[in-house]
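In this note's numbering, the protein residues as written are 3 to 61.
The structure is reproduced here in structure tokens:
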């Protein structure tokens with residue numbers, strides 16, 4: 003998961019662009035929370051990526 007472009011996935015999720023989130027690899031999130039832990043801006047990236055992952059898997 004450390005290679006996922008999580009900030010871009012969050013941006014896609016915020017815009018409701020689920021197809022873009024899928025193309026960026028959101029489905030590969032393993033829910034570890036590393037992205038939120040290391041974010042210097044303390045953005046909750048994990049929630050956005052997990053949301054995208056769950057939405058993609060339901061399709």
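Heads up, the beta-carbon is just placed ideally off N, CA and C, and yes, glycines get one too.
Asked: Do residue 20 and residue 54 come within 8 Å of each other at the CB atom, strictly closer than that value?; Found: yes
Asked: Can you tell me whether DSSP reads residue 6 as helix, strand or coil?; Found: coil
Asked: By how many angstroms is the C-alpha of residue 35 removed from the C-alpha of residue 6?; Found: 12 Å
Asked: Locate the alpha helix (DSSP H) running through residue 2, then write down its first and last residues.; Found: Lying before the first or after the last residue shown, residue 2 is absent from the chain, which here runs from 3 to 61.
Asked: What do you reckon, are the CB atoms on residue 59 and residue 29 nearer than 8 Å?; Found: yes
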